[in-house]
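A.B. asks: To start, I am sharing the structure in question, which I have written as structure tokens.
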Amino acid sequence: MLVITRKKGEGLMIGQDIEITVVKLDDGSVKLAINAPKSVTILRKELYQEVQAENKNAVEYNIDIIKGLKK
Amino acid sequence: MEVEVLNGMSTLRYPVFRLKGEKMKITTRFHGTKEYEEKDIITFSKGIPGFENLKKFILFPVEENEVFNVLQSIEDVDMGLIVISPFEIVKDYEFKLEDNLIERLNIREPQQVLVVNTVTLNSKVENITVNLKAPIVINIKEGSGEQLILDTAKYSIKHPLIQEE
Chain W
483 MLVITRKKGE
493 GLMIGQDIEI
503 TVVKLDDGSV
513 KLAINAPKSV
523 TILRKELYQE
533 VQAENKNAVE
543 YNIDIIKGLK
553 K
Chain L
33 MEVEVLNGMS
43 TLRYPVFRLK
53 GEKMKITTRF
63 HGTKEYEEKD
73 IITFSKGIPG
83 FENLKKFILF
93 PVEENEVFNV
103 LQSIEDVDMG
113 LIVISPFEIV
123 KDYEFKLEDN
133 LIERLNIREP
143 QQVLVVNTVT
153 LNSKVENITV
163 NLKAPIVINI
173 KEGSGEQLIL
183 DTAKYSIKHP
193 LIQEE
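Those sequence lines, one after another, are chains W and L. Okay, so the first sequence: first residue is 483 according to our numbering, each after it adds one. Okay, so the second sequence: first residue is 33 according to our numbering, each after it adds one.
The structure is reproduced here in structure tokens:
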């Protein structure tokens, strides 16, 4: 893993077409501006993790529950 | 041996040859043995969040209740997701299919698109939820699929299946 230090207003490049700039620093939180092609998916990590967890929850089931479920 | 050309319409330079109508079987954990053919396989090239290593699935209705379908991995018999059409839950469910997704799934017309959402079961019916935040988009003609994550507060990961009146 690469760890680098950036100051406010500085940025970094990932490959040729992804650019991340530190816009604002504020007591424990950092605001980033990201420039990337539309084909790159950018998500808050916890949102992806929530979907991972929910998919895992959705696998473990008792099928009998929906057999008795009618609209 | 009968052979048919698939992907004849696609941009592939060379046609893909497969055995026509060759039946395969999978014995699932909850739904008995299912037969399927090569053309029934839906490929999730990115996998599904939480199951990134599983790429190939089939879709079939739950026998006793066909409002629900099962998205079953053919690489892991224990991995089957119960799914439902989001329009059964929210009539005006909507999200944008981005151009790059349309390209990745090789979508040419709206009729090819099937959207389903996972259902998390619970022994208490009122606790059964549908993940409206992460629709699964399938191109039923091309057999390709991807689970999206919508960055919107409009839809919840745990939307109740049954709305209280």
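In this text, a Cβ means the ideal position worked out from N, Cα and C, and glycines have one as well.
Classify F100/L as buried or exposed, calling it buried when 16 or more other Cβ atoms lie within 10 Å of its own Cβ.
C.D. replies: Buried: at least 16 other Cβ atoms inside 10 Å.
A.B. asks: Determine the extent of the beta strand (DSSP E) in which N537/W is found, giving its start and end residues.
C.D. replies: Taken as a continuous stretch (DSSP letters only), N537/W belongs to no beta strand (DSSP E), being part of the alpha helix (DSSP H) at 527-541.
A.B. asks: In terms of residue numbering, what span does the beta strand (DSSP E) encompassing N85/L cover?
C.D. replies: Run containing N85/L: none; DSSP gives neither H nor E here.
A.B. asks: Here's a check: name, in chain order, each residue in its chain whose Cβ is nearer than 6 Å to the Cβ of I17/L, leaving out the five neighbours to either side.
C.D. replies: Outside the displayed range of chain L (33 to 197) lies residue 17/L, so it cannot be described from this structure.
A.B. asks: Checking contacts by CB at 8 Å: is K165/L closer than that to chain W?
C.D. replies: Judged by the 8 Å Cβ criterion, K165/L is in contact with chain W.
A.B. asks: With a Cβ-Cβ cutoff of 8 Å, do G112/L and V541/W count as a contact?
C.D. replies: In contact: G112/L and V541/W (Cβ atoms closer than 8 Å).
A.B. asks: Would P47/L be called buried (16 or more neighbouring beta carbons within 10 Å of its own) or exposed?
C.D. replies: For P47/L, the predicted model reports a pLDDT of 48, less than 50, meaning its position is unreliable; a value from the coordinates is still stated below. The residue is exposed, with fewer than 16 neighbouring Cβ atoms inside 10 Å.
A.B. asks: How is K13/L classed by DSSP in three states: helix, strand or coil?
C.D. replies: This structure cannot settle anything about residue 13/L, because the visible part of chain L is limited to 33 through 197.
A.B. asks: Where do the ends of the beta strand (DSSP E) carrying I170/L lie?
C.D. replies: Where I170/L is concerned, the enclosing beta strand (DSSP E) stretches over 168-171.
A.B. asks: Please classify D183/L: does DSSP put it in a helix, a strand, or coil?
C.D. replies: If DSSP states are grouped into helix, strand and coil, D183/L belongs with coil.
A.B. asks: Span of the alpha helix (DSSP H) holding N132/L?
C.D. replies: It spans 131-136 - the alpha helix (DSSP H) in which N132/L sits, taken as one unbroken run.
A.B. asks: Verify whether the separation of the beta carbon atoms of I548/W and F62/L is less than 8 Å.
C.D. replies: Contact flag unset, no.
A.B. asks: From the DSSP output, in three-state form, read off K490/W for me.
C.D. replies: It is coil, neither helix nor strand.
A.B. asks: Considering just the uninterrupted stretch of the alpha helix (DSSP H) at K506/W, what are its terminal residues?
C.D. replies: It is not in any alpha helix (DSSP H) - K506/W instead sits in the beta strand (DSSP E) that spans 500-508.
A.B. asks: Quick one: what does DSSP say N517/W is sitting in, helix, strand or coil?
C.D. replies: Correct three-state label for N517/W: strand.
A.B. asks: State the Cα-Cα distance for the pair Y543/W and E95/L, rounded to the nearest angstrom.
C.D. replies: Cα to Cα, the separation comes out at about 16 Å.
A.B. asks: Using a Cβ distance threshold of 8 Å, determine whether the segment 68-86 of chain L contacts the segment 168-178 of chain L, with at least three qualifying pairs required.
C.D. replies: As far as the Cβ criterion goes, the segment 68-86 of chain L touches the segment 168-178 of chain L, which means the pair count is three or higher.
A.B. asks: Enumerate in chain order the residues of its own chain whose CB-to-CB distance from T161/L is below 7 Å, with the five nearest sequence positions on each side excluded.
C.D. replies: Correct list, in chain order: T152, K190, H191, P192, L193.
A.B. asks: In this structure, how does DSSP classify K549/W when only helix, strand and coil are distinguished?
C.D. replies: Three-state DSSP puts K549/W in a helix.
A.B. asks: Taking Cβ to Cβ, would you say D499/W is nearer than 8 Å to A515/W?
C.D. replies: No, Cβ-Cβ distance for D499/W and A515/W is not below 8 Å.
A.B. asks: Does P93/L get closer than 8 Å to chain W when you measure Cβ to Cβ?
C.D. replies: Taking Cβ atoms only, chain W never reaches closer than 8 Å to P93/L, which makes this a no.
A.B. asks: 8 Å is my cut-off, CB to CB: does N132/L come that close to chain W?
C.D. replies: Yes, N132/L counts as interfacial toward chain W.
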